[in-house]
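J.: In the numbering used here, the protein residues as written are 3 to 293. Provided herewith is a single structure, encoded as structure tokens, for subsequent inquiry.
Structure (structure tokens):
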């Protein structure tokens, strides 16, 4: 933590251990710094200064009070507060996607809050550009396991912004469940099994919610590991989170659709009626920030 001379402005100093004198700056670190400096948005963490040492890179950033994981562990949120959290998170992700960046590692531990309850998406170590509206080959070994989308678990190398939307859906599920993780698999196969126990397997027909007589995710047959899973029918999200409102369940279910092409964009998620139906999202200053 550092304090600017002659002001009350306190900021956080983050040190990245890297022998820059010999190797220079890695592509990963360079891209993380570039994103923080170039994308200025209230819900994205930024960097105000960068200092290079012999064996480290020091980033000066706004002071964060806590992260979403800690807040969910220690506080019970009202629905209005839940809406504020998700609205701010999606606004940050919309800003990233609008500039053709994927975050690729969204977790409650990478979502920070200021003293005033302002949500800041952070940790762009795995972020990447995705080259415009066309899909391009990318790495599948990204995103913390519990928040990794089915297409990544199936080793897809062509994906878009919908991998971040799946992660946002997992985070929303935790927000609605008071911090309890939705899918806590031990490995990739176990993670897929836990997902399919709720969503149904990709070849299943959603007889409860779907009337178009098509499988939940037709394209999944082209992905690796597909045949390893037995047929399962989906479970309605209201059975998983009975305390959530119908509109919350509707948005959650849309963000956690197996077929990435059917998931909403960040902009579409922000336009969901859950955010405009009472109780409305509280101002960020009314979020229960903890030390």
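Think of the CB as a built atom: it goes at the ideal place given N, C-alpha and C, for glycine as much as any other residue. Note that this is a predicted model, so its numbers are computed, not measured.
For residue 241, count neighbouring Cβ atoms within 10 angstroms of its own Cβ and tell me buried if that reaches 16, exposed if not.
T.: With fewer than 16 Cβ atoms within 10 Å of its Cβ, residue 241 is classed as exposed.
J.: Do residue 257 and residue 199 come within 9 Å of each other at the CB atom, strictly closer than that value?
T.: Not closer than 9 Å, so no.
J.: Name the one or two DSSP bridge partners that residue 53 has.
T.: 60.
J.: Under the DSSP definition of a beta bridge, which residues are partnered with residue 115?
T.: Its beta-bridge partners are 68, 121.
J.: Could you pull the start and end residues of the alpha helix (DSSP H) that residue 169 belongs to?
T.: Counting along the chain, the alpha helix (DSSP H) containing residue 169 begins and ends at 164-178.
J.: Looking at the secondary structure, which residues open and close the alpha helix (DSSP H) in which residue 287 lies?
T.: Residue 287 -> no alpha helix (DSSP H), and no H or E assigned at all.
J.: Closer than 7 Å by C-beta to residue 30: which residues in its own chain qualify, once you throw out the five before and the five after it? Chain order, please.
T.: Hits under 7 Å: 127.
J.: So does residue 286 have its beta carbon nearer than 8 Å to some heavy atom of the ligand FMN?
T.: Within the structure as shown, the ligand FMN is missing, as the structure has no ligands at all.
J.: Could you check where the alpha helix (DSSP H) with residue 185 kicks off and where it finishes?
T.: It is not in any alpha helix (DSSP H) - residue 185 carries neither H nor E in the DSSP assignment.
J.: Can you give me the C-alpha to C-alpha distance between residue 206 and residue 237, rounded to a whole angstrom?
T.: Low confidence applies here, because residue 206 scores a pLDDT of 48, under 50, leaving its location unreliable; read the following figure in that light. Taking the straight line from one Cα to the other gives about 12 Å.
J.: Following the continuous alpha helix (DSSP H) through residue 248, name the residue where it begins and the one where it ends.
T.: Start and end: 248-257.
J.: Does the segment 151-169 come close enough to the segment 119-126 to have 3 or more Cβ pairs within less than 8 Å?
T.: These segments do not touch.
J.: Among the residues of its own chain, which have a CB less than 7 Å from the CB of residue 86, if the five just before and after it don't count?
T.: Answer for residue 86: 283, 284, 286, 289, listed in chain order.
J.: Would you report the Cα separation of residue 111 and residue 71, rounded to the nearest angstrom?
T.: Rounded to whole angstroms, residue 111 to residue 71 spans 5 Å at the Cα level.
J.: Distance, Cα to Cα, residue 184 vs residue 46?
T.: Residue 184 and residue 46: Cα-Cα distance of roughly 25 Å.
J.: Sorted by chain position, which residues of the same chain lie with C-beta nearer than 7 Å to residue 37's C-beta, five sequence neighbours on each side aside?
T.: So the list reads 103, 126, 129, once near-sequence residues are dropped.
J.: Short check: CB of residue 73 to CB of residue 243, under 9 Å?
T.: Taking 9 Å as the Cβ cut-off, residue 73 and residue 243 do not qualify as a contacting pair.
J.: So is residue 76 buried or exposed if we call it buried at 16+ other beta carbons inside 10 Å?
T.: Result: exposed.
J.: Have a look at 262, 263, 252 and flag the residue whose alpha-carbon is nearest the alpha-carbon of residue 275.
T.: It is 252 whose Cα lies nearest to the Cα of residue 275.
J.: Compute the distance between the beta-carbons of residue 271 and residue 178, then report whether it is under 9 Å.
T.: Going by C-beta atoms, residue 271 is not nearer than 9 Å to residue 178.
J.: Starting from residue 93, follow the alpha helix (DSSP H) in both directions and report where the run begins and ends.
T.: 81-100 is the span of the alpha helix (DSSP H), which, as asked, contains residue 93.
J.: Which same chain residues end up closer than 6 Å to residue 84 when comparing Cβ atoms and leaving out the 5 residues on each side of it in sequence?
T.: Within the same chain, residue 84 has close Cβ partners 177.
J.: Relative to the C-alpha of residue 106, which residue among 165, 88, 89 is closest?
T.: Here the closest residue by C-alpha is 165.
J.: Looking at C-alpha atoms only, which residue of 247, 195, 42 is the closest neighbour of residue 94?
T.: Taking only the C-alpha atoms, the option nearest residue 94 is 42.
J.: Skipping 5 residues on each side, what residues in its chain have a beta carbon closer than 8 Å to that of residue 48?
T.: Answer for residue 48: 38, 39, 41, 42, 63, 64, listed in chain order.
J.: Going by CA-CA distance only, name the one from 44, 32, 67 that's closest to residue 52.
T.: Considering only alpha carbons, the answer is 32.
J.: For residue 88, which of 159, 175, 196 has the nearest alpha-carbon?
T.: Comparing Cα-Cα distances from residue 88 to each of 159, 175, 196, the minimum goes to 175.
J.: On the three-state DSSP scale, how would you describe residue 161?
T.: Correct three-state label for residue 161: strand.
J.: Thinking C-alpha only, which one of 254, 113, 197 is nearest residue 66?
T.: That would be 113, whose Cα lies nearest to the Cα of residue 66.
J.: In terms of residue numbering, what span does the alpha helix (DSSP H) encompassing residue 155 cover?
T.: Looking at the DSSP string, the run of the alpha helix (DSSP H) that includes residue 155 is 152-155.
J.: Just tell me which of 58, 99, 262 has its CA closest to the CA of residue 158.
T.: Measuring from the Cα of residue 158, the nearest candidate turns out to be 262.
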